[in-house]
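Numbering (the working numbering), first residue to last: 822 to 1600.
For glycine and all other residues, C-beta sits at the position ideal for the given N, C-alpha and C.
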């Protein structure tokens, strides 16, 4: 399966290499600019300098200043933008409508080739990074990663402090500015940098936009390059202080198997990840779950890669592991590695196809970033070739670090990477590997010949139906409009339903459990009704027989990042009420579906009785040593024209809010005001965090911003489409549009005139003043 239709590779007169990719399945254009230098290349006397450089270049270049800089410009255009500082490279990326590619690249080129480093911006960004550092100090994931990195013996840079804070940057801004300029001049050169561009437009159309920004290439001959190579700095082979050692961590429950995989190319990595994370019956994690008698979630965290190795951890999370269980899981993993060498060409092609299909669902920005680093290929190896790559890569695995995470009181507290971590390391004591056979299953596998029976233990399932968008049998289960499930319940369901989600893809179907537009949504979709029923039957078997009642109490222990991910639950009025919708080419099968669903231990709720507004007052949650304000202000819309109007305002607010509170007032690290859809309601989401202000003071900042904002309608660009978050699945998008659009596609009655921009702005200002919507203080 070809992912990239056409690739053209140019080198411009400045030495900058640019690769243009025609990717038909993308909806937007994306740009990734990679500088092959990161935190490991920064001078040891300036910890965090690479991270600071990443922040500082966003201050703008010589041509584009203030609100014409890349970040506010992308925000005003409704695009996405981000950057990351890694150990051996720094990446800047954004996605935008294809016709705006040239303007976006012009701004990116300006800030990365001629940045404006001034003292005011330097003072601001050091404060912002210090806020970011304070958040990291409370993140279990970051602390766990730091503890793991501290055990690397070579290269020693892994154990050094690279985030940066006010202490490492010091008070001499002149000296810091000189070091910043020197680091930038040494590493941010055109000859070292590489740019990848992907768009649904042809490479010729991209070429016209690119050359208008960068000039003509130095060589008129086009070099075709279908296999992009990662542009990163290399280190020597990673060595550990404790080979086959165990690091006991005092964090949330879980188990990690950390490995350095030596590779010649990165092409086998997506296939390896697909096999490791397959949760269908017989997959690695499900065999472990069956052996232990309980479910857990599985994920792969990639710590580092270069041209010769990938360092990653396979995490098993959500449950406690005894010492014996941890070692048993490692032995199962070793046995599973042996089974990989026996895979047939048909099985290998099947998993390779799944890996490429997963890549196609990534948003443009993430897709291009993975492709630029070498993890997505236009023509991946097939059959026996893929098997040889996989076997060669896995044969290099002969050492492990077992990360046993538990809540300990006796572990020592150690400073590593500038963070205080509680852990202890020991030599791993393993018994002789057992030759016991485990029930591993690799797909595809033939289906059972007998359809499951509908036991119908529970009745009164309010099954809704609607016109399908495709010739597929689809099911949508989600919390009702003003209902939600708590973080704890969501995690338990995610683990329990993982076999269903993985089994579906093996039988040409799709199953997902994801947040889309503020909804926790379970989706099943199949072309064949028999496949659909098999998966639905497994869903009934895997659904927990009992779940704890949802409560806001467990949100008190979550760090800010997870709180924001779980914001829909915080906004909800009621808990644990579910709705279900079915669609198919023929609705005659709906009775059988309804009978099967009757076996689910779910409290069903009719949508007509759900409140249409958020009713609860301000919620106070006690948390860490920083204050956070989260708010959602619902729009009042009587027509689709008014919704368009509020959308235009939201784009205006997003860039102005970030500029004023993040850049001018330096309130904190997490600063955002953007349009969101939560529980089928359109509105503004506000996020504000600070380590030196109270939650009430943050509200005053928000109120002052809206009240004092100079409203200039000429700076608001007209926009006339209902942009909604895409799920990557046409059936899900059609279902959500079916729910959302009828509520706004009405026209005003009578002679009243629609709102004007300034009037709508004042309506929102008044909502902020009265704290309408849902306001949550965390401190």
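Check	Outcome
Simplified DSSP assignment, three categories, for residue 1568	Residue confidence is low: residue 1568 scores 44 on pLDDT, short of 50, so the model does not pin down where it sits. Its coordinate-derived value is still stated next. DSSP places residue 1568 in coil when its eight states are reduced to three.
Best match in 1283, 1101, 1186 and 1159 for proximity to residue 1262 [C-alpha to C-alpha]	1101
Buried/exposed call for residue 986, threshold 16 Cβ in 10 Å	buried
Which of helix, strand or coil DSSP assigns to residue 1133	strand
Short Cβ contact (8 Å threshold) for residue 1030 with residue 923	yes
Where residue 1362 sits in the DSSP three-state scheme	helix
Cβ contact (3+ pairs, closer than 8 Å) linking the region 846-857 and the region 912-931	yes
Closest by C-alpha distance to residue 1357, when choosing among 1418, 1342 and 1069	1418
Residue 1601 (DSSP reduced to helix, strand or coil)	Only positions 822 to 1600 of the chain appear in this structure, which leaves residue 1601 out of reach.
At least 3 beta-carbon pairs within less than 8 Å: the region 1136-1152 vs the region 1346-1360	no
DSSP-derived helix/strand/coil call for residue 1553	helix
Below-8 Å beta-carbon distance, residue 1056 vs any chain C residue	This model lacks chain C altogether, as it is built from one protein chain only.
Nearest residue (CA-CA) to residue 1129, options 825, 1194 and 947	1194
Per-residue DSSP class, three states only, for residue 921	helix
DSSP state of residue 1150 mapped onto helix, strand, coil	helix
Extent of the continuous beta strand (DSSP E) to which residue 1400 belongs	1399-1404
Residue 1594 in three-state terms, based on DSSP	coil
Distance between residue 1472 and residue 844 (C-alpha atoms, nearest Å)	27 Å
Residues near residue 1109 by beta carbon distance below 6 Å, same chain, minus five either side	1150 and 1153
Opposing strand residues paired with residue 903 [DSSP bridges]	914
Whole-angstrom C-beta distance between residue 932 and residue 891, which should lie under 8 Å	6 Å
Local conformation of residue 1140 per DSSP, three classes	coil
Closest residue to residue 847 among 1185, 882, 905 and 1424 (Cα-Cα distance)	1185
Assigned secondary structure, residue 1300 (DSSP; H/G/I helix, E/B strand, else coil)	strand
Three-state secondary structure assigned by DSSP to residue 1306	coil
Pair within 8 Å by beta-carbon distance, residue 1170 and residue 1304	no
One or two residues paired with residue 1234 in a DSSP bridge	1243
Coarse secondary structure for residue 936, derived from DSSP in three states	strand
Enclosing alpha helix (DSSP H) for residue 1412 [first to last residue]	1411-1418
N-terminal and C-terminal residue of the alpha helix (DSSP H) that residue 1456 is part of	Careful: residue 1456 lies outside any alpha helix (DSSP H) and carries neither H nor E.
Alpha-carbon to alpha-carbon, residue 1227 and residue 961	11 Å
Selected residue, minimal CA-CA separation from residue 1016, among 838, 896, 1407 and 1168	838
For residue 1328 and residue 1410, the rounded distance between their alpha carbons	20 Å
Neighbourhood of residue 1566 by C-beta, 6 Å cutoff - its chain only, sequence neighbours within 5 removed	Only weak support exists for where residue 1566 lies, its pLDDT of 49 falling under 50; the value from the coordinates is given anyway. So the list reads 1461, once near-sequence residues are dropped.
Same chain only: Cβ atoms within 7 Å of residue 1475, ignoring 5 sequence neighbours per side	896, 1494 and 1495
Neighbour-count burial assignment, residue 1529, 16 or more Cβ in a 10 Å radius	exposed
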